[in-house]
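The working numbering puts the sequence shown at residues 13 to 275. The C-beta atom is built at its ideal place from N, Cα and C for all residues, glycine as well. One structure is given here, and the rest of the page talks about it.
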Amino acid sequence: MTDQDGGQMKKQDPSARADQIRTALASVRERVDRATRTAGREQAPEIVVVTKFHPVEDVRVLAELGIRAVGENRDQEARAKAAEVEDLDLEWHFVGQLQTNKAKYVVRYAAAVQSVDRPELVDALAAAMGREQDKRAAQGTPERDPLDCLIQVDLDPRPEQERPAGIGARGGVHPDGVLELAAQIDTADHLRLRGVMAVAPRGMDPAGSFTELAEISHRVRQRFPDATWISAGMSSDLEQAVAAGATHLRIGTDVLGPRPAVG
Ligand SMILES: *Cc1c(COP(=O)(O)O)cnc(C)c1O
């Protein structure tokens, strides 16, 4: 793995790293609180810190700083990290493109999958959850909670080949397909429909994209009133997401620093 910024992937003085994260997180929390007040909202959205590419030691620091939810976008990395910090009271949110054959691993550690975007993935997650619950019953371990599912919506009107590369350039269901997928999740065993998620398309105004997501969320809630989560906003556009009503923000860079590559 290369390390462009020469920083966080190498061993660093742990207390210096912890200070760095504490300072960065405090400033993100300030931005979120300010945006919350500006929007006239009573409650600030939850910050899900996206820890991909950053070492598991950072996850421990985040837990000490009161972070309850962390996000990852690759199963192998997420699985390894979650196993190393099993002792922490943390929720793991899967936020990346997910192959159906990875569903069986993801349901072992993830509380939520924010990137549900097609019928085959709903089927795979439901089946994997069923097997996980059966396994737990056979072992005498308690059932796990249903898997929280967010529908990832593709808000980019451009054809795929014309999109700038980057997070969210692929993945997501077309807005017209959201209600049908919501109904499928709602009726599936072991899955809990929580709401919608989107990445603002690169090179477009995030405020407009998040307004569209809020409208889609409104339509989903008319049929499924409990599907109240709106996951929107990353480091560069969290203010616009808060203004548009996001309940969850997915923040990586501005808390943990730059990553070696965009994933
Ligand atoms: C990496 C990632 C983020 C975090 O992005 P930053 O710009 O680093 O804050 C958010 N959402 C998804 C889906 C991601 O993959």
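PRO213 sits buried, since 16 or more C-beta atoms from the chains shown fall within 10 Å of its C-beta. Per the DSSP secondary-structure output, MET209 pairs in a beta bridge with GLN164, SER243. THR265 has its Cβ nearer than 6 angstroms to a heavy atom of ligand 1.
Bridge partners of LEU203 according to DSSP: LEU159. Beta-carbon to beta-carbon, SER243 and ILE263 are separated by about 11 angstroms, too far to satisfy the 8 angstroms threshold. One thing to note: LYS116 has its Cβ within 7 angstroms of the Cβ of ALA140. HIS186 sits exposed, since fewer than 16 C-beta atoms from the chains shown fall within 10 Å of its C-beta. With a cut-off of 6 angstroms, the C-beta of VAL62 is classified as near ligand 1, since at least one heavy atom of the ligand falls inside that distance. Looking at the DSSP output, GLU58 shares a beta bridge with HIS260. For a cut-off of 8 angstroms, the C-beta gap from ASP249 to PRO270 is around 17 angstroms, too long to register as a contact.
Under the three-pair Cβ rule at 8 angstroms, the segment 171-178 does not count as touching the segment 121-139. DSSP places GLN126 inside the beta strand (DSSP E), whose first and last residues are 122-128. Three or more pairs of CB atoms, one per stretch, sit closer than 8 angstroms, so the segment 200-207 contacts the segment 154-169. One thing to note: VAL61 has its Cβ within 7 angstroms of the Cβ of ILE79. For the pair LYS64 and GLU84, the CB atoms are nearer than the 7 angstroms cut-off. The C-alpha of THR265 lies about 33 angstroms from the C-alpha of GLU144. If one requires a minimum length of 4 residues, the alpha helix (DSSP H) runs lying completely within the segment 46-96 are 68-76, 87-96, in chain order. When DSSP states are grouped into helix, strand and coil, HIS230 belongs to the helix group.
A contact is defined here as three or more CB-CB pairs under 8 angstroms, and the segment 147-157 fails this definition with respect to the segment 192-199.
Where GLU132 is concerned, the enclosing alpha helix (DSSP H) starts and stops at 131-151. Look at ARG262: its beta carbon is less than 6 angstroms from one of the heavy atoms in ligand 1.
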